[in-house]
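Report on the following structure.
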Amino acid sequence: MNEALLGHFFPPKAAFSPPPRLRPHKSAPPLTTQEIAHALSKSSSSSAPGPNGIPYLTWKRVNTINSSILLQILSPLISLGYHPASLKVAKGVVLDKLGKPSYWSPSFRIIVLLRMVSTILERIVATGLLLAAQSRGLIQPNQSGSLSGLRTYDTCLTLMNDVKTLQRPRLKVSSLFLDIKAGFDNVDNPTLARILREGAIPRYLVSWVASFLRERSCTLVFQSAPGTPAPVNVGAPQGSPISPLLFLIYVAPLHFRIPW
């Protein structure tokens, strides 16, 4: 069953090319204690801890006592544009859907738990990448969900405004809705890296994103599970603070505006 679950949620893809030799990026700004404190303030202390069992609350206390600890751990990763293998492990808790016959049919979902220290870094990188992507036009201007300060409610208001504007001169109005299934799972690392490079995103961010998505692993947790990690060479990880942003950048070219 372990193989069946892995094959369903993390279908195998071609292996990634070897990572380049690590060198500090001159374009990488120095990480600050303020950025770390801000990332921790946005992290819920009630979130379930990842594979090592260390919750956000512990890291918040550590940072309060000695703010240089996280700074020394995370700063080199920003400078090198690198995410180490030890932070790319996940625990996938398999939950059965109510009213379904068995695990052998699509009757389950997986809650992916990541290392908390990794998600702190991911939140910091997401903040910098969002600013860079918006300034370079890599985020579709009408995008509302998964962005700070904008919600689906704003999209609904925009749609209602467009409909009413077109109805005033008695024009016919139609709307097309698309649902992208398993969006995060289908983010292709090389394609995303190309989009970032062509969009003139700083090299340290491009390198870090490519490293973050490369050669991840997940251990499934369910009754009688073998408890061994399995390689995951597909998509962006669920539960990561940066995955929604990576997905938005990845699908931005799908947006287009039909002239009235």
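Okay, so the sequence shown: first residue is 70 according to our numbering, each after it adds one.
Backbone N, C-alpha and C define an ideal beta-carbon position, used for all residues, glycine too.
Per DSSP, the beta bridge partners of G161 are V181 and L289. DSSP places V301 inside the beta strand (DSSP E), whose first and last residues are A299 to V301. DSSP places L139 within a helical segment (H, G or I) once states are collapsed to three. Look at L216 here: in three-state DSSP terms it is strand.
When C-beta atoms of the region 148-155 are compared with those of the region 270-285, three or more pairs fall below 8 Å, so the two segments count as touching.
Within the model, the alpha-carbon separation for K157 versus L183 is close to 8 Å. If you compare the alpha carbons of N302, W128 and P313 with that of G252, the shortest gap goes to P313. If the five residues before and after L235 are omitted, its C-beta is found closer than 6 Å to the C-beta atoms of V242, all from its own chain and listed in chain order. Taking the CA atoms as reference points, R92 sits about 18 Å from A262. If you look at D257, you'll find it isn't in any alpha helix (DSSP H); DSSP assigns it neither H nor E.
Residue range Y125 to I134 is occupied by the alpha helix (DSSP H) that includes T127. In this structure, the beta-carbon distance from P306 to A154 does not fall below 8 Å. Per DSSP, the continuous alpha helix (DSSP H) segment holding Q103 begins and ends at T102 to S110. If you draw a straight line from the Cα of V131 to the Cα of M229, it comes to about 48 Å. S309 carries a coil assignment under DSSP once its states are collapsed to helix, strand and coil. Contact between V256 and G304 holds, with the beta-carbon distance rounding to 5 Å and staying under 8 Å. With respect to the C-alpha of I270, the residue from V290, S204 and L323 having the closest C-alpha is S204. When secondary structure is reduced to three states using DSSP, S280 falls in the helix class. Between V290 and V181, the C-beta gap is not smaller than 8 Å, which leaves the two residues out of contact. Around the beta carbon of Y125, a 10 Å sphere encloses 16 or more other beta carbons of the protein chains shown; the residue is thus reported as buried. Per the coordinates, the alpha-carbon of T288 lies some 15 Å from the alpha-carbon of G308.
For S114, the closest of K129, H94 and I249 by C-alpha to C-alpha distance is K129. The C-beta distance from I318 to I264 rounds to 6 Å, short enough to fall under 8 Å.
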